[in-house]
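In our numbering, the protein residues as written are 4 to 388. Every residue gets a Cβ at the ideal spot worked out from N, C-alpha and C, and that includes glycine. Only a predicted model underlies this, so the values are computations on that prediction, with no experimental measurement involved.
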């Protein structure tokens, strides 16, 4: 097997193994993908200041995220259709997360269902909810998450409509992938993926399989979403979820200080600063660029988690250095899953942990919750370094 030295190697392996229609879905963003690039470019533009004359022989990376312990300050963020990259992908990723010791969050638009994941692992996990107009569906999903012992509900708040993902529209992505001549050629050209997917327990949206009849294809689901996602979603809608869900509530998609303050008002336990990985509003700022002002706005009254552009352990340090309590990553572990299944997810987590430890050693940090100001800085212009 190829030597893997970074998340970027896993990305390359995922690209090789998956049909283009599937890889483009997990890799791409909306429209021109400006925000996807900003997440990466703005993260890379930050500098880490080195401190050498410090004893860092004992380092602490553990943290609690919404009450759940994490070996490193990272959770596996929710990603739709993970089970389209590897048979029973969500279950395999959840097992890897439990083995490693970090939280796992299941997407509403997963292939494996809430119940499948609950059967696969013996630990609580998080469930991410896309709120629909049909409150019967919402209540059913929340009830099923509660019955599955989910320890937190992650309410996504940035889906008043679905972002236009040009590659998916061009390919006609469906579950299973639509059998157009181009897609057939791609699938036939990736026999390892094709044989692996034949072992999958499900071949449609597991969470919607018995909720809505349109769950069988992304085209039909998108039409249903256009009818179900509510442009009037507001603070009262979020309050309704808070009243219905008695466990930990995390609001995902906070990019404005006002929304962060509102999350506090309604009684959320945490927020996730996230632009949906660049898959919603194209042209939005990067998550890392708005993180400091949101941290300032909440003033420590609520747990601030970060999502957007995590590819290395150093990126985790950067986000925490700018005020995040901990991070989530979607694409990093999804590349690992697509490349090598559960082993690939474990590989991604191990790489991030090793890089995190190296970064702490070289920046003179022994505890990520005590990063002093100045360790993470904006990179000065060329010629002034």
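DSSP places residue 105 outside both helix and strand once states are collapsed to three, so it counts as coil. If you check the CB distance, residue 355 and residue 316 come in under 7 Å.
Secondary structure note for residue 122: it is in no beta strand (DSSP E), and the uninterrupted alpha helix (DSSP H) holding it is 117 to 123. Of the residues assessed, residue 361 falls on the exposed side of the cut-off, its CB having fewer than 16 other CB atoms within 10 angstroms. Measuring C-alpha to C-alpha distances from residue 75 to each of 90, 55, 103, 59 identifies 103 as the nearest. Distance between residue 167 and residue 160, taken at the CA atoms: about 17 Å.
Annotation note: the segment 289 to 365 contains the following uninterrupted alpha helix (DSSP H) runs of length 4 or greater, listed N- to C-terminal: 290 to 301, 316 to 324. DSSP, read as helix, strand or coil, puts residue 159 in strand. The C-beta distance from residue 92 to residue 124 rounds to 14 Å, too long to fall under 8 Å, and the pair is not in contact. When the Cα atoms are used, residue 289 and residue 311 turn out to be separated by approximately 7 Å.
Under the 10 Å beta carbon count, residue 46 is surrounded by 16 or more other beta carbons and is classified as buried. 7 Å or more divides the Cβ of residue 331 from the Cβ of residue 96.
Residue 127 sits in coil when the DSSP states are folded into three classes, being neither helix nor strand. For residue 256, the enclosing beta strand (DSSP E) has its first and last residue at 251 to 257. In the structure shown, the three-state DSSP call for residue 380 is strand. The beta strand (DSSP E) runs lying completely inside the segment 40 to 103 and spanning 3 residues or more are 49 to 51, 66 to 68, 71 to 73, 77 to 79, given in chain order. Under a 10 Å Cβ-count criterion, residue 191 is classified as exposed, with fewer than 16 other Cβ atoms of the shown protein chains found around its own Cβ. As a beta-bridge residue in DSSP terms, residue 370 pairs with 63.
The Cβ neighbour count for residue 350, taken over all protein chains shown within 10 Å, is at least 16; the residue is labelled buried. Among the bridge pairs identified by DSSP, residue 273 is matched with 253, 306. Taking a cut-off of 8 Å for Cβ pairs, the segment 67 to 82 and the segment 106 to 121 touch, as three or more such pairs fall below it. Between residue 140 and residue 214, the C-beta spacing is below 7 Å. Collapsing the DSSP output to three states places residue 13 in a helix.
By the neighbour-count criterion, in which a residue is buried when 16 or more other Cβ atoms sit within 10 angstroms of its Cβ, residue 296 is exposed. Residue environment for residue 238: exposed (fewer than 16 other C-beta atoms within 10 angstroms of its C-beta). In the DSSP annotation of this structure, the continuous segment of the alpha helix (DSSP H) that includes residue 243 starts and ends at 238 to 247.
Residue pairing by DSSP leaves residue 21 without any beta bridge partner. Closest in alpha carbon position to residue 284, among 162, 328, 211, is 162.
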